[in-house]
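Enquirer: If you read the sequences in order, they're chains A and B. Here the first sequence is numbered in this note's numbering, starting from 57 and rising by one per residue. Here the second sequence is numbered in this note's numbering, starting from 150 and rising by one per residue. Below is a structure I'd like to ask you about.
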Amino acid sequence: KNQVEQSPQSLIILEGKNCTLQCNYTVSPFSNLRWYKQDTGRGPVSLTIMTFSENTKSNGRYTATLDADTKQSSLHITASQLSDSASYICVVSAGTGFQKLVFGTGTRLLVSP
Amino acid sequence: IAGITQAPTSQILAAGRRMTLRCTQDMRHNAMYWYRQDLGLGLRLIHYSNTAGTTGKGEVPDGYSVSRANTDDFPLTLASAVPSQTSVYFCASSDSLSFGGPLNEQFFGPGTRLTVL
């Protein structure tokens with residue numbers, strides 16, 4: 057069964073600190089992996105998308121990594137800001153042609169002043 | 150401002166009532182999607198449309214119907230709402246005929262919070 061698991065479920069960090077969120081997936085065949093940020097009461101917004109051949113991609117203070125061999129991805133947030141408080145969702149695209157997106161349940165991050 | 154709008158923002162509905170959630174995008178995207186988001190679960194695809202005039206079933210289509218009369222609008226209808234349909238509903242769109250391809254980023258609307266009593 058295609059699954060995406062994220063850890064931790066929730067996280068509290070102090071403003072200015074770094075953090076890393078984890079995503080493990082059992083999706084086959086793999087097409088690409090995306091990280092979304094979802095603010096409370098809003099829809100998800102794409103941060104990064106990585107295909108099989110990419111192992112690192114950055115978007116400002118957000119850096120995503122992908123290890124297709126171990127089926128793991130991480131999202132590293134540098135110098136956190138209060139506005140980083142949100143849920144971060146890992147999404148894996150499976151298959152070719154009609155590709156299904158498998159969503160993780162997200163990591164809820166709270167950045168505290 | 151280009152994007153996706155959804156209406157209503159929230160709704161409380163009696164069980165058995167009919168309800169249509171509206172979704173409009175102005176990005177001229179070909180593909181549109183409806184998801185539901187429940188606590189402790191990832192977003193789940195209800196229905197999708199690859200282009201105007203065509204629709205398909207997602208992971209959890211039962212109890213829902215959609216139509217795609219034109220490019221911009223993709224309404225979701227609950228014919229007879231049940232409490233298990235209490236959820237937050239997100240509409241999304243993407244600019245690719247290659248459904249879910251590597252560059253097929255999905256843009257999400259703000260969501261509709263639906264409570265069925």
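Backbone N, C-alpha and C fix where the C-beta goes; we use that ideal spot for every residue, glycine too.
I'd like to know if Pro64 (chain A) contacts chain B, where contact means its C-beta is closer than 7 Å to some C-beta of that chain.
Expert: Not closer than 7 Å to any Cβ of chain B, the Cβ of Pro64 (chain A) fails to qualify, so no.
Enquirer: For Thr220 (chain B), which option in B:Ala163, B:Ser242, B:Leu192, B:Gly258 has the closest C-alpha, if you only look at C-alpha atoms?
Expert: With distances taken between Cα atoms, Thr220 (chain B) lies closest to B:Ser242.
Enquirer: State the DSSP-derived secondary structure class of Gln137 (chain A), mapped to helix, strand or coil.
Expert: If DSSP states are grouped into helix, strand and coil, Gln137 (chain A) belongs with coil.
Enquirer: Quick one: using the 10 Å Cβ neighbour count with 16 as the cut-off for buried, is Ala218 (chain B) buried or exposed?
Expert: Exposed, because fewer than 16 other Cβ atoms sit within 10 Å of the Cβ of Ala218 (chain B).
Enquirer: Closer than 7 Å by beta-carbon distance: list the chain A residues that pair up with Leu192 (chain B), in chain order.
Expert: Within 7 Å Cβ-Cβ: Phe159.
Enquirer: Count Cβ pairs between the stretch 89-99 of chain A and the stretch 137-150 of chain A that sit closer than 8 Å; are there 3 or more?
Expert: In short, these stretches touch, since the Cβ pair count reaches three.
Enquirer: What in chain A is Cβ-close to Gly258 (chain B), meaning under 7 Å?
Expert: Those within 7 Å of Gly258 (chain B) in chain A are Gly99.
Enquirer: Hey, would you say Leu122 (chain A) sits closer than 7 Å to Met106 (chain A), going by beta carbons?
Expert: Cβ distance < 7 Å, so Leu122 (chain A) and Met106 (chain A) count as in contact.
Enquirer: Do the stretch 152-160 of chain B and the stretch 162-169 of chain A meet, that is, are 3 or more Cβ pairs less than 8 Å apart?
Expert: The stretch 152-160 of chain B, when compared against the stretch 162-169 of chain A, does not touch it at the 8 Å Cβ threshold.
Enquirer: At 7 Å on the CB atoms, spell out the chain A contacts of Phe223 (chain B), in chain order.
Expert: Under the 7 Å cutoff, chain A gives no residues; its nearest Cβ is about 14 Å from Phe223 (chain B).
Enquirer: Relative to the C-alpha of Cys79 (chain A), which residue among A:Gly72, A:Ile69, A:Gln59, A:Arg98 is closest?
Expert: That would be A:Gln59, whose Cα lies nearest to the Cα of Cys79 (chain A).
Enquirer: Under a Cβ-count criterion, where at least 16 other Cβ atoms within 10 Å of its own Cβ denotes burial, should Pro246 (chain A) be classed as buried or exposed?
Expert: Absent from the structure is residue 246 (chain A), since the part of chain A shown begins at 57 and ends at 169.
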